[in-house]
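Novice: Residue numbers (the working numbering), protein chains in the order written: chain A, 93 to 203; chain B, 93 to 203; chain C, 93 to 203; chain D, 93 to 203. Using N, Cα and C, we set each Cβ at its ideal position, and we do this for glycine too. All values derive from a computational prediction rather than experimental measurement. Dropping the structure in here first, questions after.
Number of protein chains: 4
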Amino acid sequence: MSHEKFKSCIDACYDCAAACDHCAAACLQEQDVKMMARCIALDMDCAQICRMAASFMARGSEFAKAVCQLCADICQACGDECAKHKHDHCQECAKACQRCAEECRRMASAA
Amino acid sequence: MSHEKFKSCIDACYDCAAACDHCAAACLQEQDVKMMARCIALDMDCAQICRMAASFMARGSEFAKAVCQLCADICQACGDECAKHKHDHCQECAKACQRCAEECRRMASAA
Amino acid sequence: MSHEKFKSCIDACYDCAAACDHCAAACLQEQDVKMMARCIALDMDCAQICRMAASFMARGSEFAKAVCQLCADICQACGDECAKHKHDHCQECAKACQRCAEECRRMASAA
Amino acid sequence: MSHEKFKSCIDACYDCAAACDHCAAACLQEQDVKMMARCIALDMDCAQICRMAASFMARGSEFAKAVCQLCADICQACGDECAKHKHDHCQECAKACQRCAEECRRMASAA
Numbered sequence: 093m094s095h096e097k098f099k100s101c102i103d104a105c106y107d108c109a110a111a112c113d114h115c116a117a118a119c120l121q122e123q124d125v126k127m128m129a130r131c132i133a134l135d136m137d138c139a140q141i142c143r144m145a146a147s148f149m150a151r152g153s154e155f156a157k158a159v160c161q162l163c164a165d166i167c168q169a170c171g172d173e174c175a176k177h178k179h180d181h182c183q184e185c186a187k188a189c190q191r192c193a194e195e196c197r198r199m200a201s202a203a
Numbered sequence: 093m094s095h096e097k098f099k100s101c102i103d104a105c106y107d108c109a110a111a112c113d114h115c116a117a118a119c120l121q122e123q124d125v126k127m128m129a130r131c132i133a134l135d136m137d138c139a140q141i142c143r144m145a146a147s148f149m150a151r152g153s154e155f156a157k158a159v160c161q162l163c164a165d166i167c168q169a170c171g172d173e174c175a176k177h178k179h180d181h182c183q184e185c186a187k188a189c190q191r192c193a194e195e196c197r198r199m200a201s202a203a
Numbered sequence: 093m094s095h096e097k098f099k100s101c102i103d104a105c106y107d108c109a110a111a112c113d114h115c116a117a118a119c120l121q122e123q124d125v126k127m128m129a130r131c132i133a134l135d136m137d138c139a140q141i142c143r144m145a146a147s148f149m150a151r152g153s154e155f156a157k158a159v160c161q162l163c164a165d166i167c168q169a170c171g172d173e174c175a176k177h178k179h180d181h182c183q184e185c186a187k188a189c190q191r192c193a194e195e196c197r198r199m200a201s202a203a
Numbered sequence: 093m094s095h096e097k098f099k100s101c102i103d104a105c106y107d108c109a110a111a112c113d114h115c116a117a118a119c120l121q122e123q124d125v126k127m128m129a130r131c132i133a134l135d136m137d138c139a140q141i142c143r144m145a146a147s148f149m150a151r152g153s154e155f156a157k158a159v160c161q162l163c164a165d166i167c168q169a170c171g172d173e174c175a176k177h178k179h180d181h182c183q184e185c186a187k188a189c190q191r192c193a194e195e196c197r198r199m200a201s202a203a
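This is the structure in structure tokens:
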């Protein structure tokens, strides 16, 4: 298994992790933090699994597909939550999550 | 969801992570490293997901069960591989993986 | 370098990581989340470096001491912040951070 | 602190993490794995701290600079080791480590 073969999915995972980490920290600075609680919680989950999925792919792990499948589910949930909030960091995060969910689903279902 | 409720599974995950990290490093010092290649690769996978599973549980994440399900599968594969090797660190790691796989399966199927 | 030699510091790190992850999630459920923003941010930092420090020690890494030194600083800052808040999860986290800071300082200065 | 301000350093960290993860796995497949033992060990250290440094920067953590300082030291050690080996994955990893060490040093010393 090649590192290059996974490049676009690895990139999407790390972009998503950075967007989620940034969104979590920025949500904590918003006026109404309480309203952002689930967004922050999912950002933490999503950043963590995106970093791990990228790492499994870069090592060509035999479990890379299984991790990407779960990563896609968490990205989807995080992206759906972020999309509900109007803050720029949430909207940008929603896009990164959506793109990463698609890349991970493709990766998980690749032959 | 309570942090205490997950305590035994969190402990099993962190014990397993420490055993896998130690086993990976010790395998690299063995005479026949080549024979240990899959053991080392699975140790890396297993240590990483065990740390993540413990973290999801401690946060009471809505994805804690899904992560534990995948963690159980990786622990099982790692434990099966470690069990094939006679080194103490492999045998100890096999036990930690087996125990963690059981705890994670119980957690994943809890009501 | 032996895995057993580091056992009490590894345990302190993983206990602290679990306490910080739990505290972060519990802070997000409090009435006045805004007041808890720095506590949550430091909990995230501290949980992450504690998991990493434990992992470096379990592998007997040549950088284990340097990581423990930084981990001690972050634990100290997180514990000081948690100690300001009366919630049980903050008080428990403060204790875990304090203990981990001490173990990591001892580890970092060991011969 | 702005997420964008750190973008080039975050990118360098994630590129380096991917290069290290790939190098570790590829070293395990080489004929003379034993000769690669320190390279693999440092790859694990470096991948892990690079992911963490990127995460601290993306959250704008008050400890981002301290983490980057340590990350630079580990990248330097890993890059120096990788540079000794002629495999493509080692040479590519050496370059990614070198670039990341420079970015992290710049970040750590920024006003």
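In the structure shown, what three-state DSSP assignment does glycine 152/B receive?
Specialist: Taking the second sequence and counting its residues from 1, one reaches residue 152/B at position 60. Three-state DSSP puts glycine 152/B in coil, outside helix and strand.
Novice: Between the C-alpha atoms of serine 201/B and lysine 157/B, what's the straight-line distance to the nearest angstrom?
Specialist: Numbered from 1 along the second sequence, position 109 holds the residue referred to as residue 201/B. Numbered from 1 along the second sequence, position 65 holds the residue referred to as residue 157/B. So the two alpha carbons sit approximately 8 Å from each other.
Novice: Could you give the residue range of the alpha helix (DSSP H) that holds glutamate 195/C?
Specialist: Your numbering for residue 195/C matches position 103 in the third sequence. Counting along the chain, the alpha helix (DSSP H) containing glutamate 195/C begins and ends at 180-201.
Novice: Applying a beta-carbon distance threshold of less than 8 Å, which residues of chain B neighbour glutamine 121/D?
Specialist: As a working note, residue 121/D is residue 29 in the fourth sequence. Going along chain B in sequence order, the residues near glutamine 121/D (Cβ under 8 Å) are Ala129.
Novice: So does the segment 159-166 of chain A actually touch the segment 149-164 of chain B, counting three or more Cβ pairs closer than 8 Å?
Specialist: Short answer: they touch.
Novice: Going along the chain, which residues of its own chain have a beta-carbon closer than 6 Å to the beta-carbon of methionine 93/D, five neighbours each way excluded?
Specialist: The residue given as residue 93/D occupies position 1 in the fourth sequence. Because the pLDDT at methionine 93/D is just 41, under 50, the model does not fix this residue reliably, and the value given afterwards should be weighed accordingly. Excluding sequence neighbours, methionine 93/D sits near Gly152.
Novice: For isoleucine 141/C, which residues in chain D fall below 9 Å Cβ to Cβ?
Specialist: Within the third sequence, the letter at position 49 stands for residue 141/C. The contacting residues are Met144, Phe148, Phe155, Val159.
Novice: Quick check on the DSSP output: the alpha helix (DSSP H) that includes histidine 114/C runs from which residue to which?
Specialist: The residue labelled residue 114/C in the question sits at position 22 within the third sequence. Here the alpha helix (DSSP H) through histidine 114/C covers 99-119.
Novice: Say whether chain G places a C-beta atom closer than 9 Å to the C-beta of alanine 117/B.
Specialist: This model lacks chain G altogether, as its protein chains are A, B, C and D.
Novice: Looking only at its chain, what residues have a beta carbon closer than 7 Å to the beta carbon of leucine 120/C, apart from the 5 residues adjacent to it on each side?
Specialist: Within the third sequence, numbered from 1, the residue matching residue 120/C stands at position 28. For leucine 120/C, where only same-chain residues beyond five positions count, the Cβ hits under 7 Å are Ile132.
Novice: Tell me whether the segment 170-179 of chain C and the segment 192-200 of chain D touch, counting them as touching only if at least three CB pairs, one residue from each stretch, are closer than 8 Å.
Specialist: No contact exists between the segment 170-179 of chain C and the segment 192-200 of chain D.
Novice: Give me, in chain order, the residues of the same chain whose beta-carbon lies closer than 7 Å to that of aspartate 103/C; leave out the 5 immediate sequence neighbours on both sides.
Specialist: What you label residue 103/C is simply residue 11 of the third sequence in a count that begins at 1. Around aspartate 103/C: no qualifying Cβ.
Novice: Per DSSP, what kind of secondary structure is lysine 157/B in: helix, strand or coil?
Specialist: The sequence position of residue 157/B within the second sequence is 65, counting from 1. Of the three classes helix, strand and coil, the one that applies to lysine 157/B here is helix, per DSSP.
Novice: Listing by chain order, which chain C residues have their CB less than 9 Å from the CB of alanine 109/B?
Specialist: Start at 1 with the first residue of the second sequence, and residue 109/B comes out as number 17. Residues of chain C passing the Cβ test: Tyr106, Arg143, Ala146, Ser147, Ala150.
Novice: From the beta carbon of alanine 169/C, is the nearest beta carbon of chain A less than 9 Å away?
Specialist: Within the third sequence, numbered from 1, the residue matching residue 169/C stands at position 77. By this cut-off, alanine 169/C is not an interface position.
Novice: Could you pull out every residue in the same chain whose Cβ sits closer than 8 Å to the Cβ of aspartate 107/D, ignoring the five residues on either side in sequence?
Specialist: Taking the fourth sequence and counting its residues from 1, one reaches residue 107/D at position 15. Ala188, Arg191, Cys192.
Novice: What in chain D is Cβ-close to aspartate 113/A, meaning under 7 Å?
Specialist: Residue 113/A sits at position 21 when you count from the first residue of the first sequence. By Cβ distance, chain D contributes Ser147, Ala150, Arg151.
Novice: Helix, strand or coil: how does DSSP classify valine 125/A here?
Specialist: Here residue 125/A is taken as the residue at index 33 of the first sequence, counted from 1. Here valine 125/A sits in coil by DSSP.
Novice: Under the three-state reduction of DSSP, which class applies to alanine 175/C: helix, strand or coil?
Specialist: Taking the third sequence and counting its residues from 1, one reaches residue 175/C at position 83. Looking at alanine 175/C - three-state DSSP - the assignment turns out to be coil, as it is neither helix nor strand.
Novice: Against isoleucine 132/B, what residues of chain C qualify as contacts under a CB-to-CB distance less than 9 Å, listed in chain order?
Specialist: To locate residue 132/B, count along the second sequence from 1; it is residue 40. Chain C residues near isoleucine 132/B: none, gap ~11 Å exceeds 9 Å.
Novice: Between which residues of its own chain and serine 100/C is the CB-CB distance below 7 Å, once the five residues before and five after are set aside?
Specialist: Taking the third sequence and counting its residues from 1, the one referred to as residue 100/C is at position 8. These residues qualify, in order along the chain: Glu195.
Novice: Taking Cβ positions only, does lysine 126/D come closer than 9 Å to chain B?
Specialist: Reading the fourth sequence from its first residue, position 34 is the one you call residue 126/D. At least one chain B Cβ lies under 9 Å of lysine 126/D.
Novice: Give the straight-line distance between the Cα atoms of lysine 97/D and arginine 197/D, rounded to the nearest whole angstrom.
Specialist: As a working mapping, residue 97/D is identified with position 5 in the fourth sequence. As a working mapping, residue 197/D is identified with position 105 in the fourth sequence. In a straight line, the C-alpha of lysine 97/D is about 15 Å away from that of arginine 197/D.
Novice: Tell me whether the beta-carbon of cysteine 105/A lies closer than 9 Å to the beta-carbon of cysteine 182/A.
Specialist: Walking along the first sequence from the start, residue 105/A turns up at place 13. Walking along the first sequence from the start, residue 182/A turns up at place 90. No.
Novice: For isoleucine 166/A and chain D, any beta-carbon pair shorter than 9 Å?
Specialist: On the first sequence, residue 166/A is found 74 positions in, with the first residue counted as 1. No, its Cβ sits nowhere closer than 9 Å to a Cβ of chain D.
Novice: Within 10 angstroms of the Cβ of aspartate 113/B, are there 16 or more other Cβ atoms? Answer buried if so, exposed if not.
Specialist: Residue mapping note: residue 113/B aligns to position 21 of the second sequence, counting from 1. Aspartate 113/B should be labelled buried.
Novice: Are the C-beta of methionine 136/C and some C-beta of chain D separated by less than 9 Å?
Specialist: Within the third sequence, the letter at position 44 stands for residue 136/C. At least one chain D Cβ lies under 9 Å of methionine 136/C.
Novice: Decide if glutamine 140/D is buried, meaning its Cβ has at least 16 other Cβ atoms within 10 Å, or exposed.
Specialist: By 1-based counting over the fourth sequence, the position of residue 140/D is 48. Buried, by the Cβ-count rule.
Novice: When you compare each of Lys178/A, Asp124/A, Ala146/A, Cys138/A to aspartate 90/B by their alpha carbons, which one comes out closest?
Specialist: Because chain B in this structure spans residues 93 to 203, residue 90/B falls outside the shown range and cannot be described.
Novice: Can you find the residues in the same chain that come closer than 7 Å, C-beta to C-beta, to glutamate 184/A, ignoring five residues on each side of it along the sequence?
Specialist: To locate residue 184/A, count along the first sequence from 1; it is residue 92. So the list reads Ala111, once near-sequence residues are dropped.
Novice: Which same chain residues end up closer than 6 Å to alanine 109/C when comparing Cβ atoms and leaving out the 5 residues on each side of it in sequence?
Specialist: Along the third sequence, one-based indexing puts residue 109/C at 17. The answer, listed in chain order, is Ala139, Cys142, Arg143.
Novice: Could you tell me the distance, in whole angstroms, from the CA atom of methionine 149/D to the CA atom of histidine 179/C?
Specialist: Taking the fourth sequence and counting its residues from 1, one reaches residue 149/D at position 57. Taking the third sequence and counting its residues from 1, one reaches residue 179/C at position 87. C-alpha separation (whole angstroms): 29 Å.
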